[in-house]
Structure formats: structure tokens, C-alpha cells
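Trainee: Plus 7 on top of the position in the sequence shown (first one is 1) and you've got my numbering. From the three backbone atoms N, C-alpha and C, an ideal C-beta is built for every residue, glycine too.
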Amino acid sequence: MTSTVSTTIEGTASEVWDTLADGWLYGLWVVGASRIRDVDGSWPAPGSKIHHSVGSWPLVIDDTTSVVTCEADRRLVLQARAWPSGEAQVDITIEEQADGTLVSMSEDATHGPALLVPSVVRRAVLDRRNTESLKRLTHLVEHRTRPGS
Numbered sequence: 008m009t010s011t012v013s014t015t016i017e018g019t020a021s022e023v024w025d026t027l028a029d030g031w032l033y034g035l036w037v038v039g040a041s042r043i044r045d046v047d048g049s050w051p052a053p054g055s056k057i058h059h060s061v062g063s064w065p066l067v068i069d070d071t072t073s074v075v076t077c078e079a080d081r082r083l084v085l086q087a088r089a090w091p092s093g094e095a096q097v098d099i100t101i102e103e104q105a106d107g108t109l110v111s112m113s114e115d116a117t118h119g120p121a122l123l124v125p126s127v128v129r130r131a132v133l134d135r136r137n138t139e140s141l142k143r144l145t146h147l148v149e150h151r152t153r154p155g156s
């Protein structure tokens with residue numbers, strides 16, 4: 008059972024995309040990412056990676072998130088790793104509307120022990136985590152310094 012949450016951000020699809028396309032910002036909006044260690048220069052091209060850490064010091068695990076699909080200004084599909092708990096696929100869609108940009112985030116475990124958690128429990132946890140992640144993304148997009156402002 009996949010978790011899907013959505014929010015409308017006051018900004019263009021391009022402004023949302025610019026934030027997603029800056030891998031160094033992931034530690035600011037992705038709940039659970041405690042730091043970004045490196046970002047491949049080709050990010051967000053398919054196959055490129057963000058090298059991140061998960062957890063709180065001193066219990067920090069180094070892992071990666073890689074791009075599965077990239078459609079600029081429209082969609083970003085990621086394979087997020089956080090072993091030993093496992094891996095998840097995250098599908099972020101962007102749809103510009105009259106009152107802003109609708110951003111939806113769908114996620115579910117794909118590999119590892121997280122698949123042993125009952126789907127209804129997994130979905131409840133992911134819904135809360137991703138709702139907070141979208142709130143953080145909203146703040147970044149809506150309050151980033153824009154040229155000429």
C-alpha cells in the first residue's frame with residue numbers, strides 16, 4: 008500500500024523543480040536525511056546519486072539515493088536507500104495550476120526489512136513523514152531568494 012501525499016506550493020513548476028534539482032538542499036526538506044555528503048555532478052540525471060546520511064549522531068548511517076526517472080518540471084522518481092532498514096521508491100510529481108503548483112509524493116518500501124512492516128502501518132508512518140517533507144519543501148520554494156526580489 009503506497010503512501011501518497013500532496014500539497015499546493017505558491018510558485019511555478021520551474022521554481023519547485025529548481026529546488027528538487029539542487030541535491031544539496033535535500034537535507035533541508037527530506038525528513039530523515041541528516042546531512043548530504045556529496046551530490047553527483049550530473050544530478051538529477053537518471054543514475055545519478057545523492058550521498059546522504061540518515062539518523063542522529065552518533066547513530067548515523069551513510070547511504071545513497073539515486074534517480075530512476077527525471078522529467079524536468081514534471082516528475083522525479085528516486086530509489087532511496089537507508090540500510091539496514093531497506094530501500095524505498097519515491098515518486099514526486101509536479102503539476103502547475105492556476106493557484107500554484109501541485110506537488111505529490113508517493114512512496115513505499117521496495118527492498119529489505121521495511122517490507123515486513125504491515126502495509127497499513129508503513130503507510131501511516133510514510134504519510135506523516137512525507138507530509139512534513141512537503142511542508143519543508145514548501146517553505147524552501149516559497150521563501151528562497153528570487154532574482155530581483
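1. Identify the continuous alpha helix (DSSP H) that holds Asp25 and give its terminal residues.
2. Could you compute how far the alpha carbon of Ile68 sits from the alpha carbon of Lys56?
3. Contact between the stretch 72–92 and the stretch 106–120: three or more CB pairs below 8 Å?
4. If you follow the beta strand (DSSP E) that Arg82 is part of, which residue opens it and which one closes it?
5. Measure the C-alpha to C-alpha separation of Arg82 and Arg135 and round it to an integer number of angstroms.
6. Looking only at its chain, what residues have a beta carbon closer than 7 Å to the beta carbon of Asp70, apart from the 5 residues adjacent to it on each side?
7. Is the Cβ-Cβ distance between Thr108 and Val23 less than 7 Å?
8. Could you give the distance in angstroms between the alpha-carbon of Val75 and the alpha-carbon of Pro65?
9. Apart from the five residues just before and just after Val132, which ones in its own chain have a Cβ nearer than 7 Å to its Cβ?
10. If you measure between the beta carbons of Val38 and Glu139, is that distance less than 7 Å?
11. How would you call Ser63, buried or exposed, if buried means at least 16 neighbouring beta carbons within 10 angstroms?
12. Buried or exposed: which applies to Val148, given that a residue is buried once 16 or more other Cβ atoms fall within 10 Å of its Cβ?
13. For Ile43, which option in Ser49, Asp29, Ala52, Gly54 has the closest C-alpha, if you only look at C-alpha atoms?
Mentor: Reading it off the structure:
1. Secondary structure note for Asp25: its alpha helix (DSSP H) is the uninterrupted segment 20–27.
2. 16 Å
3. yes
4. Run containing Arg82: 82–88, per the beta strand (DSSP E) assignment.
5. 21 Å
6. Only His59, Val61, Arg88, Ala89, Trp90 meet the Cβ criterion.
7. yes
8. 31 Å
9. Contacts found: none.
10. yes
11. exposed
12. buried
13. Asp29
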